[in-house]
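Numbering-wise (this note's numbering), the sequence shown opens with residue 149 and increments by one. By construction, the Cβ of each residue, glycine as well, lies at the ideal position given by its N, Cα and C atoms. Given the structure is predicted, the values throughout are model-derived calculations rather than measurements. Notes to accompany the following structure.
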Amino acid sequence: MSHEQFKACIEECLRCMQACNHCYDACLKESHKMDMENCIRLDRECADICAFTAQAMSINSSYAKELCRLCASICEACGNECKNHEHEHCQFCAEACSTCAKSCRAMAA
């Protein structure tokens, strides 16, 4: 696949990475961090896989489809967790994760 074919998915992965990083940082500042533990952990994992997947697609890695499949699963888990919290940063992150998961699933097909 060419870089152009991956372009939209790369952009969604990078947008999701940024949303997860923002959510991660904001969750750490919440007064009830213990309630946010799973959200914080998933934000970190999701940001990392999104960055790695975007990089893999940008170099046309032979593992890009497999990474997109994994990225979609992690994005879905992170988004589902973030939906459980009413904070604006969590809701924004949930939306970015959902969009990224859809884009990655389409790439993996």
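Per-residue burial, residue i [other beta carbons within 10 Å of its own, 16 or more giving buried]
{"i": "residue 104", "result": "Residue 104 lies beyond the range of the chain shown here (149 to 257); nothing can be said about it."}
{"i": "residue 229", "result": "buried"}
{"i": "residue 176", "result": "exposed"}
{"i": "residue 174", "result": "buried"}
{"i": "residue 257", "result": "exposed"}
{"i": "residue 254", "result": "exposed"}
Residue i Cβ short of 6 Å to the ligand ATP heavy atom set
{"i": "residue 221", "result": "Questions concerning the ligand ATP fall outside what the structure shown contains, since it holds no ligand whatsoever."}
Going residue by residue through the stretch 212 to 241, where are the continuous alpha helix (DSSP H) segments of at least 4 residues, counting only ones entirely within it? Taking only runs of at least 4 residues, the alpha helix (DSSP H) segments lying wholly in the stretch 212 to 241 are 212 to 231.
Uninterrupted alpha helix (DSSP H) stretches inside the stretch 168 to 220 (no shorter than 4 residues): 185 to 206
The stretch 153 to 161 contacting the stretch 230 to 243, beta-carbon criterion three pairs below 8 Å: no
Taking contact to mean 3 or more Cβ pairs, one atom from each stretch, closer than 8 Å, check whether the stretch 201 to 211 and the stretch 177 to 190 are in contact. no
Count Cβ pairs between the stretch 173 to 183 and the stretch 247 to 254 that sit closer than 8 Å; are there 3 or more? no
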